[in-house]
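Asker: Got a structure for you, questions after.
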Amino acid sequence: DQQVKQNSPSLSVQEGRISILNCDYTNSMFDYFLWYKKYPAEGPTFLISISSIKDKNEDGRFTVFLNKSAKHLSLHIVPSQPGDSAVYFCAASESGTASKLTFGTGTRLQVTL
Amino acid sequence: GAGVSQSPRYKVAKRGQDVALRCDPISGHVSLFWYQQALGQGPEFLTYFQNEAQLDKSGLPSDRFFAERPEGSVSTLKIQRTQQEDSAVYLCASSSYMDRGQIYFGEGSWLTVV
């Protein structure tokens, strides 16, 4: 049973436009959410996180939105740059699980010129 | 070192062979994690150490998988009698926080069982 779902396996966006990556979860015990970025042959790199007490967190070009009632989060990248082309993983953890993360299957973002 | 270091980067094992994968976490990091990532999937949790104590091994898929961190720094993931379904990337991660916090991943050890 996939507790964290990323239903779009791929996304293509033009440089300068907004990229929106979506993530849904089913476990209501999740209270901390993270986005990781992964380039080929490298390990995932932390991008941004959000606690369930917030509904928005912003860091430069990256903003994560959390809708707890819908069990949905999204990552917005504005403006998108070619270097953002990578696989993006959504991850979640439960309180008290010391960063044991449950990951989605990833969305491959391609930013075109 | 500057980041999480894993070795070997690539390993081809014959079915039935034992393998050992090593992880050298960021210096001073208390927490260490192992994840398994199959092709086209996200990483899946295997086990978690806090210093030398293995606090959670709920993700280890079978008793052929064993992990240790005897001195609270370097960790080894051992897979006995490898099978084809063990083929995956094995990711090690470490964190300086005992609870939540950003965890840093290594580049992974790519295991192919033939």
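Going down the list, the protein sequences come from chains Y and Z.
With positions in the first sequence counted from 1, the corresponding number in my numbering is that position plus 16.
With positions in the second sequence counted from 1, the corresponding number in my numbering is that position plus 16.
We treat Cβ as the ideally placed atom computed from N, Cα and C, and that holds for glycine.
#1: If Gly124 of chain Z sits next to Val105 of chain Z, beta carbons under 8 Å apart, how far is it from one beta carbon to the other, in whole angstroms?
#2: Asp79 of chain Z versus chain Y: which residues are under 9 Å apart at the beta carbon?
#3: For Lys87 of chain Y and Asp40 of chain Y, which I take to be in contact (beta-carbon distance under 8 Å), what is that distance rounded to the nearest angstrom?
#4: Taking Lys87 of chain Y as the query, report the chain Z residues whose CB atoms sit under 7 Å from its CB, ordered along the chain.
#5: Which residue marks the beginning of the beta strand (DSSP E) containing Leu50 of chain Y, and which one marks its end?
#6: With a threshold of 8 Å between beta carbons, is Tyr64 of chain Z in contact with chain Y?
#7: Could you spell out the range, first to last residue, of the beta strand (DSSP E) harbouring Leu27 of chain Y?
#8: DSSP state of Gln100 of chain Z, grouped into three classes?
#9: Along chain A, which residues have their Cβ under 9 Å away from the Cβ of Thr121 of chain Y?
#10: Can you name the start and end residues of the beta strand (DSSP E) that Arg124 of chain Y belongs to?
#11: In the DSSP assignment, the beta strand (DSSP E) including Asp40 of chain Y goes from what residue to what residue?
#12: What is the residue span of the beta strand (DSSP E) that Tyr26 of chain Z lies within?
#13: Go ahead and pull the three-state DSSP assignment for Asp17 of chain Y.
#14: Report yes if the C-beta distance between Ser90 of chain Y and Leu37 of chain Y is below 8 Å; otherwise report no.
#15: Quick one: measure Cβ to Cβ for Ile42 of chain Z and Gly19 of chain Z, integer angstroms, because I've assumed they're closer than 8 Å.
#16: Taking 8 Å as the cut-off, decide whether the C-beta atoms of Ser47 of chain Z and Tyr64 of chain Z are in contact.
#17: Can you confirm whether Gln99 of chain Z, when its beta carbon is compared against all beta carbons of chain Y, has any partner nearer than 8 Å?
Answerer: Reading it off the structure:
#1: The residue you call residue 124 of chain Z lines up with position 108 of the second sequence. The residue you call residue 105 of chain Z lines up with position 89 of the second sequence. Rounded, the Cβ-Cβ distance is 4 Å, consistent with contact.
#2: Numbered from 1 along the second sequence, position 63 holds the residue referred to as residue 79 of chain Z. Going along chain Y, no residue has its Cβ under 9 Å from Asp79 of chain Z, so there is no contact; the nearest lies around 20 Å.
#3: By 1-based counting over the first sequence, the position of residue 87 of chain Y is 71. By 1-based counting over the first sequence, the position of residue 40 of chain Y is 24. Right, their Cβ atoms sit about 6 Å apart.
#4: Counting from one through the first sequence, the residue named residue 87 of chain Y turns up at place 71. What Lys87 of chain Y touches in chain Z: nothing, since even the nearest Cβ is about 17 Å away.
#5: Here residue 50 of chain Y refers to the residue found at position 34 of the first sequence. Segment Phe46 to Lys54, the beta strand (DSSP E) holding Leu50 of chain Y.
#6: In the second sequence, the residue the question calls residue 64 of chain Z occupies position 48. Output row for Tyr64 of chain Z: interface = yes.
#7: Translated into the one-based positions of the first sequence, residue 27 of chain Y becomes position 11. Looking at the DSSP string, the run of the beta strand (DSSP E) that includes Leu27 of chain Y is Ser26 to Gln30.
#8: The residue labelled residue 100 of chain Z in the question sits at position 84 within the second sequence. Three-state result, Gln100 of chain Z: helix.
#9: Checking the listed chains, one finds no chain A in this structure; the protein chains it contains are Y and Z.
#10: Start at 1 with the first residue of the first sequence, and residue 124 of chain Y comes out as number 108. Taken as a continuous stretch (DSSP letters only), the beta strand (DSSP E) holding Arg124 of chain Y covers Thr123 to Thr128.
#11: Your numbering for residue 40 of chain Y matches position 24 in the first sequence. Element bounds for Asp40 of chain Y: Ser35 to Tyr41.
#12: Stepping through the second sequence from its first residue, residue 26 of chain Z is reached at position 10. That run of the beta strand (DSSP E) goes Tyr26 to Ala29.
#13: Here residue 17 of chain Y corresponds to residue number 1 of the first sequence, with the count starting at 1. Asp17 of chain Y: coil per DSSP, three-state reduction.
#14: Position 74 of the first sequence, counting from 1, holds the residue named residue 90 of chain Y. Position 21 of the first sequence, counting from 1, holds the residue named residue 37 of chain Y. Result yes, Cβ atoms of Ser90 of chain Y and Leu37 of chain Y sit closer than 8 Å.
#15: The sequence position of residue 42 of chain Z within the second sequence is 26, counting from 1. The sequence position of residue 19 of chain Z within the second sequence is 3, counting from 1. Yes, Ile42 of chain Z and Gly19 of chain Z are in contact; Cβ-Cβ is about 7 Å, under 8 Å.
#16: Taking the first residue of the second sequence as 1, we reach residue 47 of chain Z at position 31. Taking the first residue of the second sequence as 1, we reach residue 64 of chain Z at position 48. Cβ atoms of Ser47 of chain Z and Tyr64 of chain Z: closer than 8 Å.
#17: Position 83 of the second sequence, counting from 1, holds the residue named residue 99 of chain Z. No, Gln99 of chain Z lies away from the interface with chain Y (no Cβ there is under 8 Å from its Cβ).
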